[in-house]
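For reference, the structure is listed below as structure tokens.
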Amino acid sequence: MSAVDVGSVIDHASTANGPDDISRRLEALPASGYVWRLVILLSLGGCFEIYDLFFTGYIAPGLARSGLMTTTTQAFFGFSGIGAFVAATFAGLFVGTFFLGFLADRFGRKAVFTWSLLFYSAASVIMACQTTPGGLLLWRFIAGIGIGIEVITIDAYITELVPSWMRGRAFAINQAVMLSAVPIVAALAWWLVPLTPYGVDGWRWVVLIGSAASMIIWVLRLYVPESPLWLARHGRARDADAIMRKLEATAGTATTRPAPAVAMTPARAPMTSGFADLFKPPYASLVVLFMVFNLCQAFGFYGFSNWVPAFLVEKGINVTKSLQYSFIIAIAYPLAPLLAATFADRFERKSIICGAAAATILFGLSFSQFTEPALLIASGVLLTGTNMTMSYAYHAYQTEVFPTAIRARAAGLVYSMSRLSATFSGFIVAFMLKQAGVAGVFGLITAAMVIVVVAIGIWGPAVRGRPLDA
């Protein structure tokens, strides 16, 4: 089933400034500085989401050093270990994406983008003040709920502001900007985690710095409009038209692109009212495919990114050095999507995902075997680069295949599987690290990536060049 098949059953009858008309006008937009500024502004808001998400791994040595958590535990579900902290993060992300992804469909992309960021930032401040493992895990879980809502909202938001012919580059730039937070949090962890400035554990400073900086969202929200497709879907045709006129006007003398080659079928009223309906035609096959994909890709992605410092320590490198090496590896996070932007719209999204997954297998196995610092860092950088290439591609892919009326809900449902996978990956990686070492962990990551290549390669729909809700 293609995105065209899915989109054709959901839109209202085509009228001036209705969803079909807005989709056509969006698809005809030329590139403009204003469109790219919107992508950058949304991405800057997402920086704090990435910062909050990725400090999970970078403050882990500090949690162990402070005595709040241990690296491994005797029991598989040991709630005093780093694995439990990782699990609490992704359990919250699962709740946010699975149960609350619909909020952006109901209340709008802009409102949810703003309030979810403030919600998880406040929860992170409270978490930084905890002195018991139970309190730490509870507030990490609560913060994760807000991060989960934010992830889905930003993906839907960008999808609905950018035409298909440049959407791949838009998501690549989005990921590059957002992921610039990773080397920042890695550098702060390298500097602060081994210390106790003013008698306060360094890991707490890392958390608080990110939460304080997130207040910039109150400035960003003034310059970002609501999604015109969402407005049209909710009967606010005048507001949608006003935003589209601004998008079109800011293109200046740029040549308007020709109308989409794909026929736009007049759509019918929404048929989906709940999660159960997503498992019925015409959505079921897409939902199942992307659920399987997310279960596997998340294990490969977070099985490495959340455990880099711990893997390095396991290989005999001390905490300070492991954080230094992790910082160097983290530089690849924003650079990889920038490189991917050069080919993001030249190939089908599924081809990029499959190629990146195959490269992850190669570089992951290399990382597991090396002990020389230079080789470890090189393979870690390459592995991070392939992970991030896959990441930008699937963030675009799993939102554009679903129609506007259910985009956030459907994407939230399938993406929640990655959160569920990452929740248990914390325990699984900790167990395998203890039983079979780093090589055992990467054996599991290889199996997960093989499933990604097979599932997306065979059943993934083609989306290149197709307008939204076509």
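Position in the sequence shown (from 1) plus 42 gives the number in the working numbering.
Each residue gets a CB set at the ideal place from its N, CA and C atoms; glycine is no exception.
Bear in mind that the values here come from a model prediction, so they are computed numbers and not experimental data.
- Return the chain-ordered list of same chain residues with a C-beta closer than 6 Å to the C-beta of residue 502, the five sequence neighbours on each side being excluded. Only 392 meet the Cβ criterion.
- Message: Can you find the residues in the same chain that come closer than 8 Å, C-beta to C-beta, to residue 237, ignoring five residues on each side of it along the sequence?
- Response: Take residue 237, set aside five residues on each side of it, and the residues of its chain with a beta-carbon closer than 8 Å to its own are 244, in chain order.
- Message: Could you pull the DSSP bridge partners for residue 112 from this structure?
- Response: In DSSP, residue 112 forms a bridge with 123.
- Task: Compare the beta carbon distance of residue 405 and residue 225 with 9 Å and say whether it is the shorter of the two.
- Result: No, Cβ-Cβ distance for residue 405 and residue 225 is not below 9 Å.
- By how many angstroms is the C-alpha of residue 500 removed from the C-alpha of residue 84? Spanning the two alpha carbons is a distance of roughly 33 Å.
- Message: Helix, strand or coil for residue 306? Go by DSSP, reduced to three states.
- Response: In this prediction, residue 306 scores a pLDDT of 46, lower than 50, which makes its location untrustworthy; the coordinate-derived value is nonetheless stated afterwards. Reduced to three states, the DSSP call for residue 306 is coil.
- Message: Between the stretch 61-77 and the stretch 275-294, can you find at least three pairs of beta-carbon atoms closer than 8 Å?
- Response: With the cut-off at 8 Å, the stretch 275-294 and the stretch 61-77 touch.
- Message: Could you check whether residue 458 and residue 11 sit closer than 9 Å to each other, using their CB atoms as the reference points?
- Response: Any answer about residue 11 is impossible in this case: the structure gives the chain only from 43 up to 512.
- Message: Going by C-alpha to C-alpha distance, which of 218, 246, 215, 220 sits closest to residue 230?
- Response: Minimum Cα distance to residue 230 is reached at 246.
- Taking C-alpha atoms, which residue in 410, 415, 496 lies nearest to residue 482? Measuring from the Cα of residue 482, the nearest candidate turns out to be 410.
- Message: Quick check on this structure: which residue in 185, 138, 82, 213 has the alpha carbon closest to the alpha carbon of residue 430?
- Response: With distances taken between Cα atoms, residue 430 lies closest to 213.
- Query: Is the stretch 378-398 touching the stretch 434-446, taking contact as three or more C-beta pairs under 8 Å?
  - Reply: The way I'd put it, the stretch 378-398 does touch the stretch 434-446; three or more beta-carbon pairs between them come closer than 8 Å.
- Message: Measuring alpha carbon to alpha carbon, tell me which residue in 365, 492, 396, 89 is nearest residue 104.
- Response: Checked all of 365, 492, 396, 89; the closest Cα to residue 104 is 365.
- Message: Here's the rule I'm using: 16 or more other beta-carbon atoms within 10 Å means buried, otherwise exposed. How should residue 86 be labelled?
- Response: Buried is the call here.
- Compare the C-alpha of residue 97 against each of 347, 358, 355, 489 and name the closest. Looking at the Cα atoms, 347 is the closest of the given residues.
- Task: Identify the continuous alpha helix (DSSP H) that holds residue 257 and give its terminal residues.
- Result: Here residue 257 belongs to no alpha helix (DSSP H), and DSSP marks it neither H nor E.
- Item | Runs of beta strand (DSSP E) wholly within the stretch 361-444 (minimum 3 residues, chain order) | Counting only runs of at least 3 residues, the stretch 361-444 fully encloses no beta strand (DSSP E) element at all.
- Beta-carbon proximity check, residue 341 vs residue 497, cutoff 9 Å: Contact: no.
- Query: Which of the three DSSP states, helix, strand or coil, is assigned to residue 171?
  - Reply: Taken through DSSP and simplified to helix, strand or coil, residue 171 comes out as coil.
- Query: With distances taken from CA atoms, which of 337, 183, 147, 408 is nearest residue 161?
  - Reply: Across the set 337, 183, 147, 408, the C-alpha of 183 shows the shortest separation from the C-alpha of residue 161.
- Under the three-state reduction of DSSP, which class applies to residue 222: helix, strand or coil? Three-state DSSP puts residue 222 in coil, outside helix and strand.
- Task: Pick out whichever of 450, 426, 400 has its Cα sitting closest to the Cα of residue 492.
- Result: When only C-alpha atoms are compared, the closest one is 400.
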